Amino acid sequence: MAGQQDNSFLKRTPLYDFHVEAKAKMVPFAGYEMPVQYPLGVLKEHLHVREKAGIFDVSHMGQAFLIPADGDFKTGARALEKLAPGNFLALKPGRQRYSQLLNDKGGVLDDLMVTRLGMKGYEHCIYLVVNAACKEQDLALIEKAMPENVELKRMDDLALIALQGPKAVCVLASFAPEVEDMAFMSSLDIPVKHADGDLWMHVSRSGYTGEDGYELSINKSEAGKFWQMLQDHEDVEPIGLGARDSLRLEAGLCLYGHDIDENTSPVEANLVWSIGKRRRTDGGFPGADKVLAQLENGVQRQLVGIKPDGRTPAREGTKIFSPNGDEIGIVTSGGFGPSVGGPVAMGYVGVDFIKPGTKITLEVRGKPLPAHVQSLPFVAHNFYRKKK
Amino acid sequence: MAKLYYSKDHEWISVEDGVGTIGITNHAQEQLGDIVFVELPETGNTVDKGDEAAVVESVKAASEVFAPISGEVVEANAVLAENSGLVNEDAEGAAWFMKIKLSDEGELGELMDRAAYEAFVASES
Chain S
570 MAGQQDNSFL KRTPLYDFHV EAKAKMVPFA GYEMPVQYPL GVLKEHLHVR EKAGIFDVSH
630 MGQAFLIPAD GDFKTGARAL EKLAPGNFLA LKPGRQRYSQ LLNDKGGVLD DLMVTRLGMK
690 GYEHCIYLVV NAACKEQDLA LIEKAMPENV ELKRMDDLAL IALQGPKAVC VLASFAPEVE
750 DMAFMSSLDI PVKHADGDLW MHVSRSGYTG EDGYELSINK SEAGKFWQML QDHEDVEPIG
810 LGARDSLRLE AGLCLYGHDI DENTSPVEAN LVWSIGKRRR TDGGFPGADK VLAQLENGVQ
870 RQLVGIKPDG RTPAREGTKI FSPNGDEIGI VTSGGFGPSV GGPVAMGYVG VDFIKPGTKI
930 TLEVRGKPLP AHVQSLPFVA HNFYRKKK
Chain R
3 MAKLYYSKDH EWISVEDGVG TIGITNHAQE QLGDIVFVEL PETGNTVDKG DEAAVVESVK
63 AASEVFAPIS GEVVEANAVL AENSGLVNED AEGAAWFMKI KLSDEGELGE LMDRAAYEAF
123 VASES
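From first to last, the protein sequence lines stand for chains S and R.
Our numbering applies: residue 570 is where the first sequence begins, and numbers increase by one.
Our numbering applies: residue 3 is where the second sequence begins, and numbers increase by one.
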């Protein structure tokens, strides 16, 4: 319930006016003035995405291309593999991977999406999406690490819109039928029908809610038109950052700066699936010695799902204790899961306590709160599986 | 006839026969958004004016509810333990938080009446 504050230093996305028009509550986030919720409210926005479809303005995130001068995709992929443990060399045109930029200790500097463009004539290019709060450092780091013949091109003139939910496919396919049968974590560069003429965009079947859906990268000058067209669809509601957070938490997806940071490794964070098989033996990324040793010998602590047994939410920073009173970890994300209908959390605990069902105690406002370890996600993923 | 007072922490207190029924204002409820949990004090606790007496949690965050007056907690609204969403529906009615037996009715003089509270809310936004 703060009074007036000076937001004049904050940046705005090209969709700012639409959020204000929709009476969103705007808050500072990663240097931008962003909608945290619309009049519908976090709870109903969250449930709407699980039931129908929601649109999220994520234009604050960083977008960039890696363009090799020799026209060989492998040149850029090989250079990027020096910064992150994904198997980018194996990316087929139009395919996307989740990965992390690591430091020399194997800690996570940021997580990111890496896509090999699929459009003819651009298959050598890599498209990156990084977190808003990290984008300046990330892009500086990547630029510095690229050889002379790989250009990092910032795409500050692109907006990014996520369309998420079980109805996302029907909504988008009504304007661009070819999106219907796209594989999960694949992308297309296509025209989307609009009354004023086609809108070209980069479409990937991915997201941050655990639901089926798309992320759509479109020129800033056309983003408003597209947003309006989606918002006018009867199944679509605009969704703020509040519900984005509760949706990703129920889906067990890490939030950078909370569940993962410079002091957590991808092994501790249960992100081993995102480390390429070849890379688990060959290394060649920052902190590989640490990460490979962890894969070989195990880790001391791991990120787990935590379900408080009662109704009290356990927020980030809540201390975790074993049944006999030893401090064993800390909550890194926690709140109320609207689809779960109760509190949910994620946090790090000692590896003796990672088994689902393990009883733990959370300390909330000085009081012990019974809880147990639960396997993630809290709400089953509803990603699209291609029909054979 | 009960008399209504308001605090700068956005609580209301309705006083009758030396007992104050306390809740958060509709304005506070609107600011917090969807309420998902309310933690209430135990009956028999004594609180001083300004003490943290209850906690109200929205989807996003936890906020303290401070005792607007000193006294002994004589009742907590058990309905809220099961149905915290009632705070969003009827903050200044059925969703009262607690009843406190006032130890110093003089403290009421430091609180606002409805008109003063409304002016205070207007000045904050």
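Ideal Cβ positions, reconstructed from N, Cα and C, are used throughout, including at glycine.
All of these numbers come straight from a predicted model, not from anything done at the bench.
Roughly how many whole angstroms lie between the Cα atoms of S:VAL909 and S:ARG813?
-> One C-alpha to the other measures close to 15 Å.
Report the partner residues of R:THR48 according to the DSSP bridge assignment.
-> Note: R:THR48 sits in a beta bridge opposite R:GLU74.
7 Å Cβ shell around S:GLY867 - same chain, five flanking residues per side excluded = Beyond the five residues adjoining it in sequence on each side, S:GLY867 comes within less than 7 Å, by CB distance, of VAL920 in the same chain, given in chain order.
Would R:MET100 be called buried (16 or more neighbouring beta carbons within 10 Å of its own) or exposed?
-> Around the beta-carbon of R:MET100, 16 or more other beta-carbon atoms lie within 10 Å, marking it buried.
Where does S:ALA646 land, buried or exposed, given buried means 16+ other C-beta within 10 angstroms?
-> S:ALA646 comes out buried.
Of the residues S:PHE598, S:LEU816, S:CYS823, S:LEU864, which one's Cα is nearest the Cα of S:ILE624?
-> Nearest option by C-alpha distance: S:LEU816.
The stretch 774-784 of chain S contacting the stretch 747-762 of chain S, beta-carbon criterion three pairs below 8 Å = With the cut-off at 8 Å, the stretch 774-784 of chain S and the stretch 747-762 of chain S touch.
Nearest-angstrom Cα separation, counted from S:ARG954 out to S:LYS689 | In a straight line, the C-alpha of S:LYS689 is about 25 Å away from that of S:ARG954.
Outcome for R:MET3 when other beta-carbon atoms lying within 10 angstroms are tallied against a minimum of 16 = Around the beta carbon of R:MET3, fewer than 16 other beta carbons lie within 10 angstroms, which makes this residue exposed.
Using alpha carbons as the reference points, say which of R:VAL49, R:VAL58, R:GLU91 lies closest to R:ILE71.
-> In terms of CA proximity to R:ILE71, R:VAL49 leads the group R:VAL49, R:VAL58, R:GLU91.
Distance CB(R:VAL89)-CB(R:ALA78) smaller than 8 Å | When the beta-carbon positions are compared, R:VAL89 and R:ALA78 stay at least 8 Å from each other.
Within chain S, partners of R:PHE122 - CB distance below 8 Å | Listed along chain S is no residue with a C-beta nearer than 8 Å to that of R:PHE122; the closest approach is about 11 Å.
With burial defined as no fewer than 16 other Cβ atoms inside 10 Å of the residue's Cβ, what is the status of S:ASN700: buried or exposed?
-> With 16 or more other CB atoms across the displayed protein chains lying within 10 angstroms of its CB, S:ASN700 is buried.
Under 8 Å between C-beta atoms, does R:VAL89 make it to chain C?
-> Absent from the structure: chain C. Protein chains present are S and R.
Cβ of R:LYS62 less than 8 Å from any chain S Cβ?
-> Among the residues facing chain S, R:LYS62 is included, as its CB has a counterpart in that chain under 8 Å away.
As assigned by DSSP and simplified to three states, the class of S:GLY911 = The answer is strand: DSSP assigns S:GLY911 an E or B state.
Confirm, please, whether the CB-CB distance from S:GLN669 to S:PRO835 is below 8 Å.
-> In terms of Cβ geometry, S:PRO835 and S:GLN669 form a close pair [threshold 8 Å].
Do S:PRO946 and S:GLY535 come within 8 Å of each other at the CB atom, strictly closer than that value?
-> As displayed, chain S neither begins before 570 nor continues past 957, which places residue 535 of chain S out of reach and without an answer.
Taking only the alpha-carbon atoms, compute the straight-line gap between S:LYS643 and R:ALA56 and give it to the nearest angstrom.
-> The alpha-carbon separation between S:LYS643 and R:ALA56 amounts to approximately 59 Å.
Helix or strand or just coil, what does DSSP make of R:TYR119?
-> Looking at R:TYR119 - three-state DSSP - the assignment turns out to be helix.
For S:ASP680 and S:PRO746, the rounded distance between their alpha carbons = Straight-line Cα distance between these residues: approximately 31 Å.
Taking buried to mean at least 16 other C-beta atoms within 10 Å of its own C-beta, is S:MET570 buried or exposed?
-> For S:MET570, the predicted structure reports a pLDDT of 41, less than 50, and the residue's modelled location is therefore unreliable. A value from the coordinates is still provided. Label assigned to S:MET570: exposed.
Hey, S:VAL698 and S:MET682: beta-carbon distance below 8 Å or not?
-> Yes, they are a contact pair.
Nearest residue (CA-CA) to S:ASP586, options S:ASP673, S:LYS794, S:VAL942, S:GLY631 = Here the closest residue by C-alpha is S:LYS794.
Short Cβ contact (8 Å threshold) for S:HIS686 with R:VAL61 | With the sequence shown as reference, residue 686 of chain S is identified as Leu, and His is not the correct amino acid for it. No, the pair does not count as a contact, with Cβ atoms beyond the cut-off.
Are the stretch 827-845 of chain S and the stretch 631-639 of chain S touching, with three or more C-beta to C-beta distances below 8 Å?
-> By the Cβ criterion, the stretch 827-845 of chain S is not in contact with the stretch 631-639 of chain S, since fewer than three pairs of Cβ atoms, one from each stretch, lie closer than 8 Å.
Specify, as a first and last residue, the run of the beta strand (DSSP E) that S:PHE795 falls within.
-> Not the beta strand (DSSP E): S:PHE795 falls in the alpha helix (DSSP H), residues 789-800.
So is S:ASP707 buried or exposed if we call it buried at 16+ other beta carbons inside 10 Å?
-> By the 10 Å Cβ count, S:ASP707 comes out buried.
First through last residue of the beta strand (DSSP E) which encompasses R:GLU59 | Run containing R:GLU59: 54-60, per the beta strand (DSSP E) assignment.
The stretch 647-659 of chain S: positions lying closer than 8 Å to chain R by Cβ | So the list is empty, because no residue satisfies the distance condition.
Opening and closing residue of the beta strand (DSSP E) in which S:ALA728 lies | That run of the beta strand (DSSP E) goes 727-733.
The alpha helix (DSSP H) with S:VAL740 in it runs from where to where?
-> Here the alpha helix (DSSP H) through S:VAL740 covers 737-742.
Could you give the residue range of the beta strand (DSSP E) that holds R:GLU66?
-> For R:GLU66, the enclosing beta strand (DSSP E) covers residues 64-68.
Excluding the five sequence neighbours on either side, which residues of its own chain have a C-beta within less than 6 Å of the C-beta of R:ASP11, listed in chain order?
-> Correct list, in chain order: PHE68.
At a cut of 8 Å, does the stretch 727-745 of chain S reach the stretch 779-793 of chain S through at least three beta carbon pairs?
-> Contact between the stretch 727-745 of chain S and the stretch 779-793 of chain S is present, with at least three C-beta pairs closer than 8 Å.
Relative to chain S, which residues along the stretch 26-50 of chain R have a C-beta separation below 8 Å, given in chain order?
-> Answer set for the stretch 26-50 of chain R: ALA30, GLN33, GLY35, ASP36, VAL38, PHE39, GLU41.
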